[in-house]
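Residue numbers (my numbering), protein chains in the order written: chain A, 24 to 537; chain B, 24 to 537.
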């Protein structure tokens, strides 16, 4: 399912003052030197046992053409690798030709570029072909990788020498320090593990911005930011990073003041020409939560207009029944599920975000807007019940796609009563399943709205625990327990296995919401 | 035909004083900024016409996944490429994944790593796979390439952007400046062309040392050095470079004082664990010619012992008939021809080099050695006539392989009379052909020794002119007019098409030897 937008000659509207403030909040990355924890020869095929190699012994191996060695850094890291290479045999009389493959999960090492024919770029596959003209050499690779496993294959040397790895180290980076997270003990060891993996996921994604995934896209996405910020308040509580990202979204935006779905932040920040109607509406949500958490009056002053504009626009685009416009439905992301009709989802989401808009307006003493948002919410809820909900049968109206996400968002939008929501959420329909941890976050939120704390806890353990059972060091971009190898891109080799939108369990657990 | 030697735990014997002097002669490389001269799309298959692209227009092309562009830099260059890359379409949302292929001849662009299964390293294939994380980018590639053609293929971008080449330039390097070569006019335009291509070949190979080939091996080989030095005296006359290389060979050598066939000079000079008996004997030849040309008394003093040691050793290893030892025959290079029995060649070469040894001994006022070399030469010539020459039939003795190289070296060694040599050389036997330009140089020398100036001129035009007719910008490592795609390595993609041992035509032409 290809999904991307292109706007010809797109020129973002930049606010230099906001961008300058955002830049002043740039975190200084923390560096951790990490050594490999184990070495092994990868088995011929996935599922069969690797051959362990003593770590010290691995540094005296003679690696001739075609041979390889794998290193396991113990858990997921984001950073810069330095390889000290030498040789055995005669003085090298040719360059050494080497392939490096970086993998978040070991299974990626069995996948290949040649077999990937998906629709997003194979440039995301973390691999390099290197010619090393001179040995010994200490190579600090200039690119940043997100990985736990590193495979080095010697593609060729000459008849006269082999490659030896003298040393290998990783300069791991993050905006935050894991040790800064308060200890919380959970009775259930699975919950402890889920919390720890959430925290690790978040720390890996917190770089110069909240990245969606440090392997891919390494970019600041709005939907991801909101969940990362929630988890961050409950863990690192790095307010500067949240503030920076909120300023960035306001600092470079669509010419008509809509906020972009994502930003490019390597260098000067640039808004992507992608607009997701739901993500834009989550901007006031993220700002409201930040203000509530920080009471940052300056940020409220600087960012308020951008935030409420997103809602103003959506409200104005609604029909007379308070129903979200067709354009907004078309531009909603919601989840990666294919064949997903999103009108009910988008309606619920719109209504949900209006609550945060009302909060912001109240904080800004903008009574007119508070009133307008309340009115729009009231109208939209009534319209939604009429359009999307069959009160008689307590079900999504006939003719409207009965997706899990629709039930979730109608609940969160306050369209359903708590009783209706309980009924709607405890057994989800099979037609359009929930695909990403992102929508599973909103499933938990919805269950809590419906008062189903225990069901939320069980789902947390089932869903995020499922990744733990698959040996996840960090939570994934995509996890479908029914289809563990699902990829929205046409190949798991480009999936991100450390993805910010999966880190919200710590938000639920540490706030005792479950 | 695989040919390489490995000596376990080889430790060269270094003379720090000689190496320090060599280092003091390090040339300062001259830099020339070169722009591409033409652009084109490579045709699907070799032999069909390429599609020219206007050079300026090439810098506004949108290069999407799978597309390519080729640049022609007009002639052969050695240096460092800087690529200014940008994008068209939306802001890049993925790395650009790019392949670069550098080719000395256009035909290399049709060859591939996958189809090369030869015995020397495929690491010599000049190609890179690059991930460019951020565009626009100005990339100065860290490796040095030897090429005329550059093909850039976009392996992948994303659906949202394409790659644009904004600019492309080459920082070409050489120890010498082409404009420093005196103009000489030749009546025959083919001779002018041969001279010009020789000079270009030499200038490309003259880097921090006389390299054999700037694509491969990029190393200082003794047999090549001698021919490069001869051509250099007649053209650039850069005595420092010759002196440097002679000091290097003496400065790092075999533990028993033999000189190595080649040195590694990237960083501290290191002797290779390869000894070619013929190359070692060419060390006194190269030194004698340098002394004769420069009258450098210091070099004679510093290098004399190393030079005469090579001859002393060979003399001492001869049998009582003055015939070169089996070990020396076994270790002779002579040429790349397969199935070559080299006893006669090596005998002639030994006798030839003794003449230079006598010259050096005379210069060094070392009368004992001069006498010893004269005696060895006399004995060896008589022995050679008895063993290798059938005077009755005026032919190589029955039982001895009648190779072209044998006839050449018996001539050069003074074993044959001028009449015998004429007869032996004017029609060469077919059994073991001459393969490399290196042995063709000695064919010309031998023809001149035989007084066959006109035949030498005709052969020069036939052989080196043959490469010119194949559009050579520089002369090649291998050229067999009968088999234009010959490679001693199992694939032309690793052949060197700018090879020092092919540059000697300028020596013959500019010294009016033909």
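Every residue, glycine too, gets a C-beta built ideally from N, C-alpha and C.
Alpha carbon to alpha carbon, what distance is there between residue j and residue i?
i             : j             : result
residue 331/B : residue 283/B : 15 Å
residue 28/B  : residue 517/B : 20 Å
residue 172/B : residue 57/B  : 13 Å
residue 235/A : residue 288/B : 48 Å
residue 110/B : residue 158/B : 7 Å
residue 178/A : residue 88/A  : 5 Å
residue 227/B : residue 164/A : 31 Å
residue 264/A : residue 156/B : 23 Å
residue 281/A : residue 364/A : 23 Å
residue 488/A : residue 481/A : 10 Å
residue 117/A : residue 180/A : 7 Å
residue 279/A : residue 391/A : 22 Å
residue 97/B  : residue 69/A  : 50 Å
Compare the C-beta of residue i against all C-beta atoms of chain B and say whether one is closer than 8 Å.
i             : result
residue 261/A : no
residue 185/A : no
residue 25/A  : yes
residue 147/A : yes
residue 423/A : no
Whose Cβ in chain B lies nearer than 7 Å to the Cβ of residue i?
i             : result
residue 501/A : Chain B residues near residue 501/A: none, gap ~18 Å exceeds 7 Å.
residue 290/A : 157
residue 166/A : 154 and 156
residue 38/A  : Correct list: empty, because the minimum Cβ distance to chain B is about 18 Å.
Is there a Cβ of chain A sitting closer than 8 Å to that of residue i, yes or no?
i             : result
residue 182/B : yes
residue 179/B : yes
residue 437/B : no
residue 114/B : yes
residue 118/B : yes
residue 29/B  : yes
residue 295/B : yes
residue 240/B : yes
Candidates the options: which alpha carbon is nearest residue i's?
i             : options                       : result
residue 361/A : 246/A, 426/A, 181/A and 50/A  : 426/A
residue 340/B : 505/B, 310/B and 373/B        : 373/B
residue 469/B : 292/B, 368/B and 182/B        : 368/B
residue 132/A : 161/A, 73/A and 86/A          : 73/A
residue 245/A : 531/A, 523/A, 184/A and 237/A : 523/A
residue 77/A  : 501/A, 48/A, 413/A and 92/A   : 92/A
residue 324/B : 496/B, 402/B and 311/B        : 311/B
residue 357/A : 429/A, 510/A and 526/A        : 429/A
residue 501/A : 492/A, 491/A and 515/A        : 515/A
residue 507/A : 447/A, 230/A and 458/A        : 458/A
residue 415/B : 106/B, 439/B, 380/B and 90/B  : 439/B
residue 293/A : 30/A, 32/A, 253/A and 36/A    : 36/A
residue 342/B : 403/B, 101/B and 286/B        : 403/B
residue 486/B : 504/B, 112/B, 355/B and 475/B : 504/B
residue 231/B : 253/B, 279/B and 167/B        : 167/B
Residues of chain B with CB closer than 8 Å to the CB of residue i, please, in chain order.
i             : result
residue 142/A : 182
Just the chain A side, please: which residues come within less than 8 Å of residue i by C-beta, in chain order?
i             : result
residue 393/B : Those do not exist, as residue 393/B stays about 37 Å from chain A at its closest Cβ, beyond 8 Å.
Residues of chain B with a CB under 9 Å from the CB of residue i: which are they?
i             : result
residue 278/A : Simply none; closest approach about 15 Å.
residue 531/A : The premise fails here: residue 531/A is roughly 31 Å from chain B at the closest Cβ pair, so nothing lies under 9 Å.
residue 247/A : Correct list: empty, because the minimum Cβ distance to chain B is about 15 Å.
Going along chain A in order, which residues have a C-beta closer than 7 Å to the C-beta of residue i?
i             : result
residue 287/B : 114
residue 33/B  : 113
Stretch-stretch touch, CB-based, cutoff 8 Å, three pairs: the stretch 188-201 of chain A with the stretch 120-135 of chain A:
no
When you compare the stretch 447-455 of chain A with the stretch 334-352 of chain A, are there three or more beta-carbon pairs, one atom per stretch, that lie closer than 8 Å?
no
For the stretch 126-140 of chain A and the stretch 206-225 of chain A, state whether three or more C-beta atom pairs, one from each stretch, are separated by less than 8 Å.
no
Would you check if there are 3 or more beta carbon pairs closer than 8 Å linking the stretch 139-149 of chain B to the stretch 268-277 of chain A?
no
Say whether the stretch 293-311 of chain B touches the stretch 46-54 of chain B, bearing in mind that this needs 3 or more beta-carbon pairs closer than 8 Å, one atom from each stretch.
no
For the 8 Å Cβ check, are there 3 or more pairs between the stretch 311-320 of chain B and the stretch 376-387 of chain B?
yes
contact_flag[the stretch 525-532 of chain B, the stretch 207-220 of chain B] where n(CB pairs < 8 Å) is 3 or more:
yes
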